[in-house]
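Asker:
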Amino acid sequence: LTSIDGGSASVGGFDVAAQPDRVREVIGLAGQSAAVDEKLTARENLELFGRLYKIPRTERRRRVTDLIERFDMIEFADRIAGTYSGGQRRRLDVVAALVADPPALFLDEPTTGLDPRSRAELWGAIAGLADRGTAIVLTTQYLDEADRLADEILIVDRGEIIASGTPETLKRRLERDVLEIHVREGDLDRAVGLIPGVEGLATDVAAGRIGVPVGDDVGRSLELLRRLQDGGVSIADFQLRRPTLDDVFLSLTGSPAEQEEVTP
Numbered sequence: 516l517t518s519i520d521g522g523s524a525s526v527g528g529f530d531v532a533a534q535p536d537r538v539r540e541v542i543g544l545a546g547q548s549a550a551v552d553e554k555l556t557a558r559e560n561l562e563l564f565g566r567l568y569k570i571p572r573t574e575r576r577r578r579v580t581d582l583i584e585r586f587d588m589i590e591f592a593d594r595i596a597g598t599y600s601g602g603q604r605r606r607l608d609v610v611a612a613l614v615a616d617p618p619a620l621f622l623d624e625p626t627t628g629l630d631p632r633s634r635a636e637l638w639g640a641i642a643g644l645a646d647r648g649t650a651i652v653l654t655t656q657y658l659d660e661a662d663r664l665a666d667e668i669l670i671v672d673r674g675e676i677i678a679s680g681t682p683e684t685l686k687r688r689l690e691r692d693v694l695e696i697h698v699r700e701g702d703l704d705r706a707v708g709l710i711p712g713v714e715g716l717a718t719d720v721a722a723g724r725i726g727v728p729v730g731d732d733v734g735r736s737l738e739l740l741r742r743l744q745d746g747g748v749s750i751a752d753f754q755l756r757r758p759t760l761d762d763v764f765l766s767l768t769g770s771p772a773e774q775e776e777v778t779p
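Residue 516 is where the sequence shown starts when you use our numbering, and the numbers rise one by one after that.
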């Protein structure tokens with residue numbers, strides 16, 4: 516659906532720079548900020564978008580009804596949008612981008628600020644769109660979201676694409692397991708000081724967690740745990756796990772994922 520050739524990008528065969536109006540006809544966009552009118556109901560908002568796209572009245576109403584049913588919005592479709600929860604508002608925002616039935620959909624961090632249940636519901640809706648053949652470009656700072664939804668991932672660091680591939684391909688690049696250690700409050704700095712010089716070591720201060728790359732060497736894991744224990748660190752929990760996309764991001768950029776964007 517999209518291509519880049521010699522610096523020129525196209526969507527659906529239309530050149531982005533030379534044919535911007537034609538490009539807009541084949542894409543839908545849901546940005547970070549809700550673009551819906553909070554004084555209207557979901558049904559009225561979708562009707563409004565249909566009119567802006569100049570969709571004939573009969574077809575417009577059929578599409579609106581279909582979208583409301585397909586995305587499980589019947590319960591709140593005729594309530595004022597200003598009364599919606601964050602998850603309901605984001606769902607409406609995504610659905611509004613689908614009124615014109617675009618073959619390509621751009622989603623800019625669609626689940627930012629949502630509770631876990633709302634995120635899961637929106638994930639299901641996005642996956643359903645992909646299954647129906649919609650091409651989706653999604654930017655996200657949640658790497659578990661990219662891992663779950665993406666067929667192909669581009670990792671961007673300071674405006675440059677530094678890696679690409681499927682989630683599994685990117686994780687296999689590390690060729691190492693991670694020893695994840697949870698320590699008691701106040702012991703994190705001491706623990707980090709006892710394992711210096713480890714490339715790719717990651718910490719989560721809020722969770723009191725350290726991630727240490729150990730390869731497939733079980734003995735190395737036992738040695739690190741013993742060193743922390745002998746050094747007076749109180750270990751609350753630990754596990755040996757396969758690499759995640761967070762580990763991939765840190766190994767490539769050396770900076771926390773929340774400072775950058777990942778584009779699946």
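For every residue, glycine included, the Cβ atom is placed at its ideal position computed from N, Cα and C.
Return the first residue and the last residue of the alpha helix (DSSP H) that Thr580 is part of.
Answerer: Taking the sequence shown and counting its residues from 1, the one referred to as residue 580 is at position 65. Here the alpha helix (DSSP H) through Thr580 covers Arg572 to Arg585.
Asker: Residues bridged to Gln754 by DSSP?
Answerer: Taking the first residue of the sequence shown as 1, we reach residue 754 at position 239. Answer is Glu695, bridged to Gln754.
Asker: Going by alpha carbons, who is nearest to Arg699 out of Ala615, Ala717 and Phe753?
Answerer: Here the question's residue 699 lines up with position 184 in the sequence shown. Comparing Cα-Cα distances from Arg699 to each of Ala615, Ala717 and Phe753, the minimum goes to Phe753.
Asker: Going residue by residue through the stretch 527 to 566, where are the continuous beta strand (DSSP E) segments of at least 3 residues, counting only ones entirely within it?
Answerer: Fully enclosed beta strand (DSSP E) runs of 3 or longer: 542 to 545.
Asker: Can you have a look at Thr684 and say buried or exposed, based on whether 16 or more other CB atoms are within 10 angstroms of its CB?
Answerer: As a working note, residue 684 is residue 169 in the sequence shown. Thr684 comes out exposed.
Asker: Going by alpha carbons, who is nearest to Leu622 out of Asp630, Arg632 and Ala642?
Answerer: Here residue 622 refers to the residue found at position 107 of the sequence shown. When only C-alpha atoms are compared, the closest one is Ala642.
Asker: Please report the straight-line C-alpha distance between Gly546 and Leu739, rounded to a whole angstrom.
Answerer: Position 31 of the sequence shown holds residue 546. Position 224 of the sequence shown holds residue 739. Rounded to whole angstroms, Gly546 to Leu739 spans 45 Å at the Cα level.
Asker: What's the call for Arg647, buried or exposed, on a 16-neighbour Cβ count within 10 Å?
Answerer: Here residue 647 refers to the residue found at position 132 of the sequence shown. That one is exposed.
Asker: Check Glu636 in the structure and name its three-state DSSP category.
Answerer: As a working mapping, residue 636 is identified with position 121 in the sequence shown. Helix, per DSSP.
Asker: Could you give the residue range of the beta strand (DSSP E) that holds Phe591?
Answerer: In the sequence shown, residue 591 corresponds to position 76, counting from 1. No beta strand (DSSP E) holds Phe591; DSSP gives it neither H nor E.
Asker: Could you tell me the boundaries of the alpha helix (DSSP H) in which Val609 lies?
Answerer: Sequence index remark: in the sequence shown, residue 609 carries index 94 (1-based). Unbroken alpha helix (DSSP H) run through Val609: Gly601 to Ala611.
Asker: From Ala612 to Gly543, what distance separates their C-alpha atoms?
Answerer: What you label residue 612 is simply residue 97 of the sequence shown in a count that begins at 1. What you label residue 543 is simply residue 28 of the sequence shown in a count that begins at 1. So the two alpha carbons sit approximately 5 Å from each other.
Asker: In this structure, does DSSP put Ile651 in helix, strand or coil?
Answerer: For the purposes of this step, residue 651 is identified with residue 136 of the sequence shown, where counting begins at 1. Looking at Ile651 - three-state DSSP - the assignment turns out to be strand.
Asker: Thinking just about the alpha-carbon of each residue, which of Ala722, Glu590 and Arg558 is nearest to the one in Arg575?
Answerer: For the purposes of this step, residue 575 is taken as the residue at position 60 of the sequence shown. Of Ala722, Glu590 and Arg558, the residue nearest in Cα terms is Arg558.
Asker: Should Thr768 be counted as a contact of the ligand GDP given a C-beta to heavy atom distance under 7 Å?
Answerer: Ligands in the displayed structure: none, and consequently the ligand GDP is not present.
Asker: Using 8 Å as the threshold, is the C-beta distance between Arg691 and Pro728 below it?
Answerer: Start at 1 with the first residue of the sequence shown, and residue 691 comes out as number 176. Start at 1 with the first residue of the sequence shown, and residue 728 comes out as number 213. Contact flag set, yes.
Asker: Entirely within the stretch 655 to 694 and at least 3 residues each: give me those beta strand (DSSP E) ranges in chain order.
Answerer: If we require 3 residues or more, the beta strand (DSSP E) runs fully inside the stretch 655 to 694 come out as 668 to 672 and 675 to 680.
Asker: Is it buried or exposed for Glu773, if we count other Cβ within 10 angstroms and need 16 for buried?
Answerer: Numbered from 1 along the sequence shown, position 258 holds the residue referred to as residue 773. The predicted model places Glu773 with a pLDDT of 47, which falls under 50 and marks its position as unreliable, so this point remains unresolved.
Asker: Considering Cα atoms alone, identify which of Thr573, Ile595 and Leu637 is closest to Asp587.
Answerer: To locate residue 587, count along the sequence shown from 1; it is residue 72. Comparing Cα positions, the closest option is Leu637.
Asker: Ordered along the chain, which non-local residues of its own chain (more than five positions away) have a Cβ less than 6 Å from that of Thr768?
Answerer: Your numbering for residue 768 matches position 253 in the sequence shown. So the qualifying residues of the chain are Asp672.
Asker: With DSSP collapsed to three states, give me the class of Thr718.
Answerer: Translated into positions along the sequence shown, residue 718 becomes position 203. Note: Thr718 maps to strand in three-state DSSP.
Asker: Does the distance from the C-beta atom of Pro758 to that of Val713 stay below 8 Å?
Answerer: Numbered from its first residue, the sequence shown carries residue 758 at position 243. Numbered from its first residue, the sequence shown carries residue 713 at position 198. Contact: no.
Asker: Contact defined as beta carbons within less than 8 Å: I believe Val696 pairs with Ile725. What is the distance between those atoms, to the nearest angstrom?
Answerer: Mapped onto the sequence shown, residue 696 falls at position 181. Mapped onto the sequence shown, residue 725 falls at position 210. It is worth fixing the name first, because residue 696 is Ile in this sequence and not Val. At roughly 5 Å, the Cβ-Cβ gap stays under 8 Å, so Ile696 and Ile725 are in contact.
Asker: Going by beta carbon distance, what residues of the same chain come within less than 8 Å of Leu629, once the five residues before and after it are set aside?
Answerer: Within the sequence shown, residue 629 is the residue found at index 114, counting from 1. Taken in chain order, the residues that qualify are Gly601, Gly602, Arg605 and Leu637.
Asker: With C-beta atoms as the reference, is Tyr657 less than 8 Å away from Thr626?
Answerer: Within the sequence shown, residue 657 is the residue found at index 142, counting from 1. Within the sequence shown, residue 626 is the residue found at index 111, counting from 1. It is a contact, given that the beta carbons lie within the stated cut-off.
Asker: Would you say Tyr830 and Ala619 are within 8 Å of each other, going by their C-beta atoms?
Answerer: Any property of residue 830 remains undetermined from this structure, which presents the chain solely from 516 to 779.
Asker: Could you tell me if Arg634 is buried or exposed, where buried requires 16 or more neighbouring beta carbons within 10 angstroms of its beta carbon?
Answerer: Counting from 1 along the sequence shown, the entry for residue 634 is found at position 119. Buried: at least 16 other Cβ atoms inside 10 Å.
Asker: To which residues of the same chain is Leu716 closer than 6 Å at the C-beta, ignoring the five residues directly before and after it?
Answerer: Here residue 716 is taken as the residue at index 201 of the sequence shown, counted from 1. Result list for Leu716: Val727, in chain order.
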